[in-house]
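Residue numbers (the working numbering), protein chains in the order written: chain A, 97 to 334; chain B, 22 to 452.
Down below is the structure, laid out as structure tokens.
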């Protein structure tokens with residue numbers, strides 16, 4: 097690394113000698129030491145941890161396992177499509193409830209360890225890595241986002257906001273043993289301060305069964321208004 | 022309007038952020054006179070390709086002519102005023118044809134024909150009358166492939182306007198072994214509910230990151246640490262985020278350089294020269310293209326952001342830029358673009374793409390909190406809870422040489438003071 101990490105308080109940079117190159121030749125690089133007291137945290141007690149808002153209760157959803165008829169595990173027997181569809185629908189409804197309930201960890205737990213949440217910018221995109229995206233998050237990055245919005249100084253979280261998802265048009269696009277590709281459509285309303293915004297589009301889930309449970313390997317979200325200007329931003333997963 | 026009464030060297034009156042008349046004057050005196058960024062030449066590669074844009078309040082478009090030249094024209098048919106291009110981008114074919122009565126124009130905007138031309142016999146309509154051609158921007162120029170236009174026939178040249186801030190484009194292009202970038206044809210557009218100046222001040226404000234972005238920096242730092250413990254190394258993009266939560270003292274150690282016309286630079290802090298194989302391969306390509314000495318000169322430029330006042334923020338080491346389009350005193354559109362270094366390894370693009378996605382997308386984990394601050398800031402300044410905005414930090418503590426102001430502390434509000442120095446000059450000037 098062509099730079100000197102600055103620990104503590106290095107002196108102000110030496111004075112430029114006048115040439116444009118020399119002006120920019122500065123080696124200071126900020127490295128986050130990962131310490132406890134950084135930035136605003138250092139100003140006690142103003143930014144001492146406050147209680148994170150408690151998540152709202154999620155209405156009970158019958159667990160898919162209790163719905164599936166024994167012996168009709170989706171994909172495992174001929175003629176099981178209706179059972180599979182029903183189980184998948186219940187799974188997707190639960191996903192909506194977790195998002196609306198701000199139960200972020202439970203939502204992240206729906207994903208496989210190598211699961212990905214992806215919102216491309218255009219419907220033509222096919223790879224979650226390597227092209228511009230609105231969201232392109234593996235599980236680690238989802239944890240960063242959760243950590244951020246639940247942090248006591250996540251200022252953008254101070255204004256009241258809440259969402260309501262409606263999900264429908266669930267179609268199994270492709271089916272293989274233990275794996276399903278599912279298309280559905282969603283409509284999300286978001287209330288933030290006094291303003292309601294609407295978002296809509298298509299989900300494409302790649303679902304797999306792990307230890308008897310459906311898990312998300314890929315959740316692709318195509319916003320129908322992805323290329324329109326965003327009036328403010330999206331805080332969390334849609 | 023006496024704008025000088027609104028700006029002291031160390032403070033400004035709140036109305037410069039809120040007043041409609043001042044905003045209108047800004048558009049007339051600044052945005053519709055200075056060189057405004059229109060786009061990159063690679064956005065319109067073929068003759069007839071166009072990209073719509075706005076210069077101040079004026080709907081414009083840039084279009085590639087048959088001779089390869091790029092023209093910037095008012096999006097208005099000289100016949101009855103109808104806009105000539107109807108989409109954000111596209112191709113008009115060999116000529117511009119109005120959708121209303123089929124007046125048509127060459128790709129440089131010059132009058133071409135109308136249906137039933139004898140209907141204009143004996144009138145002032147015809148190729149000889151400039152009023153019958155599409156009105157062009159008064160001046161069009163480009164620097165290293167970045168196209169600018171000015172609606173004012175007089176004033177500094179593009180190079181003079183950019184001054185030393187032109188290093189933004191050099192720093193971007195010099196990282197390509199062929200000295201060129203090309204646009205990634207996606208534009209993120211985000212609306213902020215605040216005056217455009219909030220954005221410009223914020224970009225070089227080194228005190229705010231560890232306050233505003235603490236939540237993201239801390240959360241990313243935690244996962245970065247966890248991944249490092251598990252695998253020995255965390256991807257660089259965690260550092261993009263965790264660096265935001267650095268100590269105040271560290272931020273204070275960076276420097277801002279503040280140029281005439283309000284431009285400025287926040288010097289590097291992110292350590293974007295790791296010694297991984299991708300970086301080494303990239304640097305080897307540059308050495309082959311430019312030699313070791315030039316390469317070192319190019320890569321040791323310590324730049325985080327370069328501001329081209331009053332509307333552009335260029336993050337050259339990561340090949341992205343944000344361009345502001347003011348809509349009203351409390352509403353601003355930002356257009357966010359990313360570029361590829363021509364001829365550089367794909368991995369270098371992908372690395373910078375993480376920053377584009379994490380920081381500059383509409384699901385940004387960083388700007389979300391900036392935008393929230395600026396919304397609240399706008400409301401505060403619209404209130405009668407006080408009249409002045411303070412820019413006192415390190416006032417009197419900066420160094421000035423030949424009109425360039427160097428902060429001796431990264432957190433100095435020299436940035437804002439310098440921007441308002443330019444603002445007063447623009448606003449007080451009579452056109």
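Every residue, glycine too, gets a C-beta built ideally from N, C-alpha and C.
Every value quoted in this text rests on a predicted model; they were computed, and no experiment measured them.
Assumed close pair residue i, residue j - CB separation to whole angstroms, cut-off 8 Å
i	j	result
residue 347 of chain B	residue 48 of chain B	7 Å
residue 281 of chain A	residue 300 of chain A	With 8 Å as the limit, residue 281 of chain A and residue 300 of chain A do not qualify as a contact, their Cβ atoms being about 11 Å apart.
residue 279 of chain B	residue 388 of chain B	With 8 Å as the limit, residue 279 of chain B and residue 388 of chain B do not qualify as a contact, their Cβ atoms being about 23 Å apart.
residue 213 of chain A	residue 238 of chain A	6 Å
residue 61 of chain B	residue 166 of chain B	6 Å
residue 359 of chain B	residue 377 of chain B	5 Å
residue 236 of chain B	residue 250 of chain A	4 Å
residue 234 of chain B	residue 269 of chain B	Not confirmed; about 13 Å, so no contact.
residue 192 of chain B	residue 338 of chain B	7 Å
residue 63 of chain B	residue 204 of chain B	5 Å
Alpha carbon of residue i to alpha carbon of residue j, nearest angstrom
i	j	result
residue 352 of chain B	residue 214 of chain B	5 Å
residue 154 of chain B	residue 234 of chain A	53 Å
residue 260 of chain B	residue 295 of chain B	11 Å
residue 129 of chain B	residue 122 of chain B	19 Å
residue 57 of chain B	residue 39 of chain B	23 Å
residue 229 of chain B	residue 277 of chain B	14 Å
residue 286 of chain A	residue 195 of chain A	12 Å
residue 97 of chain B	residue 206 of chain B	25 Å
residue 246 of chain B	residue 425 of chain B	40 Å
residue 31 of chain B	residue 447 of chain B	18 Å
residue 398 of chain B	residue 416 of chain B	22 Å
residue 271 of chain B	residue 333 of chain A	33 Å
residue 23 of chain B	residue 216 of chain B	20 Å
residue 289 of chain B	residue 177 of chain A	57 Å
residue 239 of chain B	residue 257 of chain B	15 Å
residue 263 of chain A	residue 309 of chain A	21 Å
residue 315 of chain A	residue 231 of chain A	11 Å
residue 410 of chain B	residue 422 of chain B	27 Å
residue 74 of chain B	residue 354 of chain B	12 Å
residue 320 of chain A	residue 384 of chain B	15 Å
residue 344 of chain B	residue 357 of chain B	6 Å
residue 307 of chain A	residue 261 of chain A	28 Å
N-terminal and C-terminal residue of the alpha helix (DSSP H) that residue i is part of
i	result
residue 303 of chain B	298-311
residue 194 of chain B	188-194
residue 239 of chain A	235-245
Delimiting residues of the beta strand (DSSP E) encompassing residue i
i	result
residue 213 of chain A	207-216
residue 80 of chain B	79-85
residue 243 of chain B	Taken as a continuous stretch (DSSP letters only), residue 243 of chain B belongs to no beta strand (DSSP E), being part of the alpha helix (DSSP H) at 235-252.
residue 170 of chain B	167-171
residue 318 of chain A	309-319
Nearest residue (CA-CA) to residue i, options the options
i	options	result
residue 172 of chain B	B:77, B:371, B:28	B:77
residue 380 of chain B	B:364, B:433, B:277, B:241	B:241
residue 287 of chain B	B:270, B:225, B:342, B:262	B:225
residue 33 of chain B	B:252, B:313, B:407	B:407
residue 330 of chain B	B:360, B:182, B:313	B:182
residue 341 of chain B	A:255, A:237, A:257, A:228	A:228
residue 157 of chain B	B:174, B:364, B:190	B:174
residue 117 of chain B	B:105, B:426, B:109, B:356	B:105
residue 211 of chain A	A:273, A:255, A:305	A:305
residue 112 of chain B	B:92, B:84, B:450, B:318	B:84
residue 221 of chain A	A:325, A:120, A:318, A:327	A:318
residue 53 of chain B	B:187, B:382, B:176	B:176
residue 70 of chain B	B:80, B:87, B:161, B:191	B:87
residue 216 of chain A	A:267, A:226, A:204, A:303	A:226
residue 219 of chain B	B:445, B:449, B:436, B:450	B:436
residue 138 of chain B	B:151, B:124, B:150	B:124
residue 202 of chain A	A:324, A:253, A:312	A:312
residue 350 of chain B	B:37, B:430, B:148, B:431	B:37
residue 198 of chain A	A:329, A:187, A:256	A:256
residue 114 of chain B	B:65, B:150, B:365	B:65
Contact test: residue i Cβ vs the ligand SAM heavy atom, cutoff 7 Å
i	result
residue 181 of chain B	By its list of ligands, the structure shown contains no ligand whatsoever, and the ligand SAM lies outside what it can speak to.
| task | Could you list the residues in the region 193-206 of chain A with a C-beta less than 7 Å from some C-beta on chain B, going in chain order? | result | none
| field | Near-chain B residues of the region 247-274 of chain A - C-beta to any C-beta below 9 Å | value | 247, 248, 249, 250, 251, 252, 253, 254, 255
| task | Using a Cβ-Cβ cut-off of less than 9 Å, list which residues of the region 369-380 of chain B approach chain A; keep chain order. | result | 370, 371, 374, 375, 377, 378, 379: these are the residues of the region 369-380 of chain B whose beta carbon lies less than 9 Å from some beta carbon of chain A, given in chain order.
| At a Cβ cut of 7 Å, what residues of the region 313-333 of chain B count as close to chain A, listed as they run along the chain? | 318, 321, 322, 323, 324
| request: For the region 239-253 of chain B, enumerate the residues whose C-beta is nearer than 7 Å to any C-beta of chain A, in chain order. | output: 239, 240, 241, 242, 243, 244, 246, 248
| Contact residues within the region 136-148 of chain B, judged by C-beta distance below 7 Å to chain A | none
| query | Taking any Cβ of chain B, which residues in the region 314-334 of chain A have a Cβ under 7 Å from it, in chain order? | reply | 325, 326, 327, 328, 329, 330, 331
| said: So if I threshold CB-CB distances at 9 Å, which residues from the region 216-239 of chain B count as touching chain A? | reply: Listed by position, the residues of the region 216-239 of chain B near chain A (Cβ gap below 9 Å) are 230, 231, 232, 233, 234, 235, 236, 237, 238, 239.
| field | Contact set between the region 343-359 of chain B and chain A, restricted to residues whose Cβ is under 7 Å from the partner | value | 354, 359
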